[in-house]
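Trainee: In the numbering used here, the protein residues as written are 160 to 351.
Before I ask anything, let me first share the structure, which is written out below as structure tokens.
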């Protein structure tokens, strides 16, 4: 059985989509949601599906004596970052090597790195006059947005697209592809 922990900081549409995708799956389960923000709407979304939620301060997330026992208590063997705004500590990237994935709202390596998240990315894409953008699903490393790319999905842009239009197009790709890619990665790792 693969037990997923989903790390979140915000609204949680991807978190909810992942939880729903794996409901009823005999081999893969969203077992825990961890947030660094007590007011993250993702926590309310997860609670609707009775997925346990934990709120931890940055210092707690960066403490192996807190995080590793917590993940062990829930039998976590795979981690998904879904709008998580902190760097993952190296003890987690080492222990969960190739078992932590993140989604980024651009076609990396373009528009990645520190400070490039959410609306900042879509504004940068617009300002650069890009004709396409998309999502990148990648393994997490100790380098911000620097892990090995697993999959990318593209959408075309027009000059008339606003950053909000770009965000909507990217969100559609996230909803369509993220859970399926997670499932494919887990199945290829034979974690069950």
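C-beta: ideal position from N, C-alpha, C; glycine also.
Thinking just about the alpha-carbon of each residue, which of 322, 209, 302 and 177 is nearest to the one in residue 238?
Mentor: Translated into positions along the chain shown, residue 238 becomes position 79. Here the closest residue by C-alpha is 177.
Trainee: Are residue 118 and residue 199 touching if we call contact CB-CB under 8 Å?
Mentor: Outside the shown range of the chain (160 to 351) lies residue 118, about which nothing can therefore be said.
Trainee: Quick check on the DSSP output: what are the complete alpha helix (DSSP H) runs of length 4 or more inside the segment 251-295, in order along the chain?
Mentor: 277-286
Trainee: Tell me the DSSP secondary structure of residue 164 in three-state form.
Mentor: Locating residue 164 in the chain shown gives position 5, counting from the first residue. DSSP places residue 164 in strand when its eight states are reduced to three.
Trainee: Give the secondary structure of residue 313 by DSSP, where H, G and I count as helix, E and B as strand, and everything else as coil.
Mentor: The sequence position of residue 313 within the chain shown is 154, counting from 1. Strand.
Trainee: Flag this pair as yes or no: are the beta carbons of residue 164 and residue 190 separated by less than 8 Å?
Mentor: For the purposes of this step, residue 164 is taken as residue 5 along the chain shown, with counting starting at 1. For the purposes of this step, residue 190 is taken as residue 31 along the chain shown, with counting starting at 1. Yes, the Cβ-Cβ distance between residue 164 and residue 190 is below 8 Å.
Trainee: Using the C-alpha atoms, what's the distance from residue 255 back to residue 213?
Mentor: Walking along the chain shown from the start, residue 213 turns up at place 54. Walking along the chain shown from the start, residue 255 turns up at place 96. Each residue's alpha carbon lies about 19 Å from the other.
Trainee: Quick check on residue 268: buried or exposed, where buried means 16 or more other Cβ atoms within 10 Å of its Cβ?
Mentor: Indexing the chain shown from 1 puts residue 268 at position 109. Answer is exposed; the Cβ neighbour count stays below 16.
Trainee: Report, in whole angstroms, the separation of the C-beta atoms of residue 294 and residue 311, which I expect to be a contact under 8 Å.
Mentor: Against the chain shown, residue 294 aligns to sequence position 135. Against the chain shown, residue 311 aligns to sequence position 152. Going by Cβ atoms, the distance from residue 294 to residue 311 rounds to 7 Å, so yes, they are a contact pair.
Trainee: Just confirm the distance between the C-beta atoms of residue 276 and residue 244, as a whole number of angstroms; I'd bet it's less than 8 Å.
Mentor: Residue numbering aside, residue 276 sits at position 117 when the chain shown is read from its first letter. Residue numbering aside, residue 244 sits at position 85 when the chain shown is read from its first letter. Taking C-beta atoms under 8 Å as the contact rule, residue 276 and residue 244 qualify, at a distance of about 6 Å.
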